[in-house]
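J.: With the sequence shown counted from 1, adding 96 to any position gets you my numbering.
Just so it is clear, CB atoms sit at the ideal spot from N, CA and C, and this is done for glycine as well.
Input: one structure, supplied below.
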Amino acid sequence: MGQFPSSFSLKKQFKRRTSLVSPLPLPKPKHTLDLSSDFRRVDKKTYDGIVNSSRYDLPDDDERIDRIQLRHRLFRYVWQRNFSSPVRDDLLKGINVLDVGCGEGSWVLDTASTYPNSTFHGIDMAEMFPKDTSNYPNVNFSKINVVNDGLPFESNSFDFIHLRFLVQYLTEDDWDNKVLKELIRVLKPGGYLEIMEFDMIFYNSGFSATKLQTSTIEYFKSKKISAVISPHLKKYLPKLPQFSEVLSEERSTPLGNWGGRLGSFAKVYFILAFKHMKLVLPDYMKISGDEYDNIINRFDVECELNETYIKTCRIYCKKCV
97 MGQFPSSFSL
107 KKQFKRRTSL
117 VSPLPLPKPK
127 HTLDLSSDFR
137 RVDKKTYDGI
147 VNSSRYDLPD
157 DDERIDRIQL
167 RHRLFRYVWQ
177 RNFSSPVRDD
187 LLKGINVLDV
197 GCGEGSWVLD
207 TASTYPNSTF
217 HGIDMAEMFP
227 KDTSNYPNVN
237 FSKINVVNDG
247 LPFESNSFDF
257 IHLRFLVQYL
267 TEDDWDNKVL
277 KELIRVLKPG
287 GYLEIMEFDM
297 IFYNSGFSAT
307 KLQTSTIEYF
317 KSKKISAVIS
327 PHLKKYLPKL
337 PQFSEVLSEE
347 RSTPLGNWGG
357 RLGSFAKVYF
367 ILAFKHMKLV
377 LPDYMKISGD
387 EYDNIINRFD
397 VECELNETYI
407 KTCRIYCKKC
417 V
């Protein structure tokens with residue numbers, strides 16, 4: 097996405113979004129909302145109603161925040177918790193936790209501050225995480241590439257292992273034959289492994305959202321990476337004899353002002369993500385940078401017209417005792 101700043105003003109982003117005009121007439125949506133029993137209905141009323149009972153807040157409109165921090169706060173708000181595995185009581189007592197692909201450390205620092213009796217280890221192949229953790233005595237970070245080097249921990253070391261949003265970094269072979277094998281090895285019997293991902297699928301999508309979706313999927317496919325990984329994990333994990341339980345949950349998130357403040361923030365996040373992809377996608381799509389920007393502008397408008405949304409999935413597994 098070019099030289100995009102590491103942090104940005106949300107107020108400016110909202111002003112910029114509302115000033116965009118679609119350069120071409122948009123088609124009328126040809127869809128109906130998915131109201132099946134496993135779909136948590138996405139509409140402005142539903143999500144704005146969360147605010148009254150929410151344990152977590154969305155950022156203020158004029159807050160400066162980077163894209164990765166925004167993602168953490170968005171999905172913490174959607175799920176109303178940082179994890180789904182039944183480990184809260186254990187965390188309160190004190191356990192050993194590993195976060196794989198921790199990035200800037202948002203999940204580790206947030207969860208560690210809530211559960212000071214537990215010890216949190218964050219690892220990532222890039223040193224984006226804080227070097228000074230003196231304010232978090234129960235946190236440490238390490239630069240580790242689990243795909244190339246495995247994990248430098250003894251077997252049965254961790255009570256809870258968490259990882260999320262690694263879909264664009266791992267091939268299916270990495271998942272099956274490297275990462276999962278190592279995670280199972282260092283997970284204690286009776287411990288939980290939790291994986292959270294969102295697949296590159298827009299629901300109720302317009303032309304531009306579909307174009308961005310298809311191009312992103314095909315780009316990662318050319319790198320042998322599946323941008324739609326959760327169906328594979330849902331089928332693969334239950335087949336592993338090391339797990340006695342494998343459960344999954346989904347949540348839907350609106351993209352656009354039609355979904356209240358949550359939808360507004362979520363759309364900003366995806367627009368920023370696609371701006372970041374400007375480094376590679378236009379060349380792959382064989383279009384100019386201006387044409388790519390035009391698709392993003394149309395995506396912005398189509399999300400409102402079509403009431404577009406995405407889904408996130410959490411899969412959590414208990415290791416056999």
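1) How many whole angstroms separate the CB atoms of threonine 408 and phenylalanine 298, which I take to be in contact at a CB cut-off of 8 Å?
2) Going by DSSP, which residues form a beta bridge with valine 235?
3) Is it buried or exposed, valine 138, if we count other Cβ atoms within 10 angstroms and call 16 or more buried?
4) Decide if the stretch 276 to 283 is in contact with the stretch 217 to 233; the criterion is three or more beta carbon pairs, one per stretch, under 8 Å apart.
5) Sorted by chain position, which residues of the same chain lie with C-beta nearer than 6 Å to methionine 221's C-beta, five sequence neighbours on each side aside?
6) Can you tell which of Glu200, Phe316, Cys413, Asn252 has the C-alpha that lies nearest to the C-alpha of glutamate 341?
7) If you pair each beta-carbon of the stretch 300 to 308 with each one of the stretch 266 to 279, do three or more pairs fall below 8 Å?
8) Using beta-carbon positions only, say whether glutamate 400 and asparagine 353 come within less than 8 Å of one another.
9) Starting from isoleucine 411, trace the beta strand (DSSP E) in both directions and tell me its first and last residue.
10) I'd like the list of long-range same chain contacts for lysine 415, defined as Cβ closer than 8 Å, with 5 residues on each side in sequence excluded.
11) Are there three or more Cβ pairs, one per stretch, closer than 8 Å when the stretch 253 to 266 is compared with the stretch 312 to 326?
12) Can you tell me the Cα-Cα spacing of serine 118 and proline 248, whole angstroms?
13) In or out: lysine 363 buried (at least 16 other Cβ within 10 Å) or exposed?
14) Are the CB atoms of valine 196 and leucine 259 nearer to each other than 8 Å?
15) Got a sec? Which residues, its chain only, sit under 7 Å from tyrosine 315 by beta carbon, not counting five neighbours each side?
16) Establish whether the CB of cysteine 413 and some CB of chain B are separated by less than 8 Å.
T.: Concretely, from the data shown:
1) At roughly 13 Å, the Cβ-Cβ gap does not stay under 8 Å, so threonine 408 and phenylalanine 298 are not in contact.
2) Phe216
3) Its pLDDT being 39, under 50, valine 138 is placed unreliably in this model, and the value from its coordinates should be taken loosely. The residue is buried, with at least 16 neighbouring Cβ atoms inside 10 Å.
4) no
5) Closer than 6 Å at the Cβ level, and outside the excluded window around methionine 221, lie Asn241.
6) Cys413
7) The stretch 300 to 308 is not in contact with the stretch 266 to 279.
8) yes
9) 405 to 415
10) Ile280, Leu283, Lys284, Pro285, Gly286, Gly287, Tyr288, Leu289, Gln338, Phe339, Ser340
11) yes
12) Residue confidence is low: serine 118 scores 32 on pLDDT, short of 50, so the model does not pin down where it sits. No coordinate-derived value is stated.
13) Buried, since its Cβ has 16 or more Cβ neighbours within 10 Å.
14) yes
15) Counting only Cβ-Cβ distances below 7 Å, and skipping sequence neighbours, we find Val376, Leu377, Tyr380.
16) No chain B appears in the structure shown, which is made up of a single protein chain.
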